[in-house]
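Contents: one structure, followed by commentary.
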Amino acid sequence: MCSSGTLTCCTAAAPLLGQGLRVGAWCATILLEVCFVITRFHNGRPLLRKPNSHLHPMWRLPFFLGCFCLWLGGFSSAQGQPGFVIMGNSKSVEIPFEYANNFIILSMRFGGLLPLKFIFDTGAEHTIITKREVTDLLNVRYEREFRVAGSDLRTVLVAYLVRRVRFDIPGKAYSEGEDILVLQEDFLRFEEFTGVPVHGIIAANAFSRYIIQINYDRQVLTLHERDAFRVKERDFTNIPVEIYRNKMYINTQLYPTPEVAASVRLLLDTGAGMPLLMFSNAHPAISPPPRALPASIGIGLGGYLEGFTGRIHQVVLGQLTQTGVITYFQELDTVVNLEHLNRRDGLIGNALLHRFHVILDYYGSQIWLKPGRHFRDVYVYDRSGLQVLAHGPRLSEFIVQHVLPNSPASEADIRPGDQIVRIGNTPANFYTLSNIMSMLQGKPGKKIRLTILRGGSERLKKVVVLRDLL
């Protein structure tokens with residue numbers, strides 16, 4: 449049996465998409481921060497709702513974000529987290545990953561038996577399982593139940609604490625006992641946003657005893673023993689970071705415009721699919737640019753979070769810069785307690801980080817960056833006005849979730865609830881969600897010919913002529 453309690457959730461959105469429930473000891477209590485970030489750069493993802501339900505008339509939902517701040521007491525984490533260990537006597541090990549819609553997805557065996565997929569998240573303090581049927585299948589013991597009430601006093605999230613769960617990355621590394629949290633109901637449905645099966649989030653600090661090297665170009669994550677690893681400093685730029693609650697923060701500069709500089713503190717977050725998110729009321733120099741699109745950028749248990757999408761002139765990372773960066777702007781609710789944000793002004797997500805080779809050194813409080821294959825790529829935003837989700841047992845049914853007014857998709861009379869069944873002459877189920885999103889970011893003037901199924905029976909042919917929206 450589990451002990452339980454009900455808590456009221458703060459709906460201030462900490463922008464940590466894909467970011468799991470945060471668990472850490474503080475005196476005799478634990479602060480659990482549940483910040484799920486399911487974002488896709490360029491093409492964000494809408495909230496999970498019925499296709500025909502009402503959407504606020506705005507551009508799109510660049511990410512789905514729930515932030516629930518729980519003050520939990522009554523159990524101790526004195527045992528600590530054992531973390532992953534490299535198998536055998538190797539000094540390093542390469543772990544391949546899948547890169548889907550700007551998320552790093554690792555394949556693991558849960559409980560030594562079940563093959564599952566997890567989002568690798570540097571913004572998460574703890575690991576979360578979103579599908580309770582997995583833990584039920586293994587008959588795990590739920591040590592404690594937590595009920596989180598939204599600020600609307602109606603919506604409730606239930607999560608369970610499970611201790612000492614084994615994880616294996618076959619032939620690579622293992623952990624004999626991770627403490628995790630399990631959601632009673634998978635209201636996140638990561639797979640609809642990523643287009644691949646996802647069962648939860650693995651906190652990056654579970655690997656923090658090692659130097660962690662992320663090669664986005666090769667899609668390989670490498671763990672190095674600290675005493676056997678040397679960085680070629682002529683190739684990499686070193687950036688000091690602050691470690692707080694097992695998360696990395698960078699103090700750096702960005703330029704909203706060429707004439708204005710702002711010193712900012714940013715969370716390094718591989719659990720976020722966007723390039724950059726900024727709190728528009730956290731810094732006097734940061735606000736949405738004149739050419740920005742209004743957007744519903746997330747949701748808490750108590751309601752929707754409104755914001756904007758635009759571009760900033762430049763982000764500085766050590767000696768390296770990125771220009772014309774797509775940025776999401778969110779205004780914080782200053783009424784609630786924002787202590788868990790640790791004075792940050794925003795976050796850097798995977799859609800920016802994937803332009804580099806990244807080395808993370810938790811014990812040395814530093815990261816290293818080296819330009820990768822996509823370093824000089826222009827930041828491209830969706831050019832169709834479509835939001836699409838993956839559905840069906842094989843995630844090969846593509847449903848229009850939202851259409852931006854006055855966009856190419858709306859001009860082609862594509863509507864929420866339409867199913868894309870063909871693209872050109874090719875059945876849509878030959879494509880992945882990532883493939884389709886890439887097509888919708890094609891060159892201005894490109895014609896995308898779609899066959900859609902409306903109302904389950906009516907087949908219609910549509911032509912979407914792409915153009916810049918931002």
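So that you can map any letter, position 189 of the sequence shown is 637 in the numbering used here, and since no number is skipped, the others follow by simple counting.
Built from N, CA and C at the ideal position, the CB exists for glycine as well.
{"Check": "Proximity winner among Phe-777, His-574, Arg-595 and Phe-558, relative to Asn-587 (alpha-carbon distances)", "Outcome": "Phe-558"}
{"Check": "8 Å Cβ shell around Met-556 - same chain, five flanking residues per side excluded", "Outcome": "Pro-563, Leu-564, Lys-565, Phe-566, Phe-615, Asp-616, Ile-617 and Ile-650"}
{"Check": "Beta-carbon proximity of Ser-855 to Leu-917, cut-off 8 Å", "Outcome": "yes"}
{"Check": "Glu-546 beta carbon near the ligand FMN (any heavy atom closer than 7 Å)", "Outcome": "Among the components of this structure there are no ligands whatsoever, and the ligand FMN is therefore not found."}
{"Check": "Arg-580 beta carbon less than 8 Å from that of Val-613", "Outcome": "no"}
{"Check": "Classification of Thr-642 by the beta-carbon crowding that lies within 10 angstroms, buried from 16 upward", "Outcome": "buried"}
{"Check": "CB of Val-826 within 8 Å of CB of Gly-890, strictly", "Outcome": "no"}
{"Check": "Nonlocal neighbours in the same chain, by C-beta distance under 6 Å from Asn-663, ignoring five residues either side", "Outcome": "His-805"}
{"Check": "Per DSSP, the bridge partner or partners of Asp-809", "Outcome": "Gln-814"}
{"Check": "Three-pair Cβ contact test at 8 Å for the segment 818-834 versus the segment 760-780", "Outcome": "yes"}
{"Check": "Val-764 (DSSP reduced to helix, strand or coil)", "Outcome": "strand"}
{"Check": "C-alpha distance - Leu-881 paired with Ile-796, whole-angstrom precision", "Outcome": "23 Å"}
{"Check": "Contacting residues, own chain, Cβ-Cβ under 8 Å from Arg-739 (five flanking each side not counted)", "Outcome": "Gly-758, Arg-759 and Leu-918"}
{"Check": "Cβ-based burial, Val-708 [other Cβ within 10 Å; buried from 16]", "Outcome": "exposed"}
{"Check": "Met-887 at chain B interface by Cβ criterion, 8 Å", "Outcome": "Considering every chain present, this structure includes no chain B. It has just one protein chain."}
{"Check": "Glu-681 versus Gln-661 - alpha carbon distance", "Outcome": "14 Å"}
{"Check": "Sufficient close CB pairs (3 or more, under 8 Å) joining the segment 836-846 to the segment 869-886", "Outcome": "yes"}
{"Check": "Alpha carbon of Lys-498 to alpha carbon of Gly-560, nearest angstrom", "Outcome": "Since pLDDT at Lys-498 reaches only 37, below the 50 mark, its modelled position is unreliable, and the value read off the structure follows with that caveat. Spanning the two alpha carbons is a distance of roughly 36 Å."}
{"Check": "Contact under 8 Å by Cβ, Asn-653 with Asn-699", "Outcome": "no"}
{"Check": "Beta-carbon proximity list for Asp-627, same chain, < 6 Å, skipping 5 on both sides", "Outcome": "Arg-611"}
{"Check": "Three-way DSSP call (helix, strand, coil) for Leu-843 in this model", "Outcome": "coil"}
{"Check": "Neighbourhood of Arg-713 by C-beta, 7 Å cutoff - its chain only, sequence neighbours within 5 removed", "Outcome": "Tyr-697, Asn-699, Arg-791, Arg-792 and Asp-793"}
{"Check": "Backbone secondary structure at Asp-627 - three-state DSSP", "Outcome": "strand"}
{"Check": "Whole-angstrom distance between Tyr-608 and Tyr-590, CA atom to CA atom", "Outcome": "6 Å"}
{"Check": "Short Cβ contact (8 Å threshold) for Ile-896 with Asp-866", "Outcome": "no"}
{"Check": "Between the CA atoms of Leu-898 and Val-911 - distance to the nearest angstrom", "Outcome": "6 Å"}
{"Check": "Contacts around Pro-892, its chain only, beta-carbon distance under 7 Å, and the 5 residues preceding and following it disregarded", "Outcome": "Arg-831, Leu-914, Arg-915 and Asp-916"}
{"Check": "Span of the alpha helix (DSSP H) around Ser-886", "Outcome": "881-887"}
{"Check": "Segment limits, alpha helix (DSSP H) that includes Ala-799", "Outcome": "798-801"}
{"Check": "Nearest-angstrom Cβ-Cβ length linking Pro-706 and Ile-734, presumed shorter than 8 Å", "Outcome": "Going by Cβ atoms, the distance from Pro-706 to Ile-734 rounds to 15 Å, so no, they are not a contact pair."}
{"Check": "From Val-869, Leu-834 and Arg-592, residue whose alpha carbon lies closest to that of Leu-852", "Outcome": "Leu-834"}
{"Check": "Separation of Ile-543 from Val-582, as counted between CA atoms", "Outcome": "23 Å"}
{"Check": "Check whether Leu-725 and Phe-568 have beta carbons under 8 Å apart", "Outcome": "no"}
{"Check": "Distance, Asp-683 Cα to Ile-534 Cα", "Outcome": "27 Å"}
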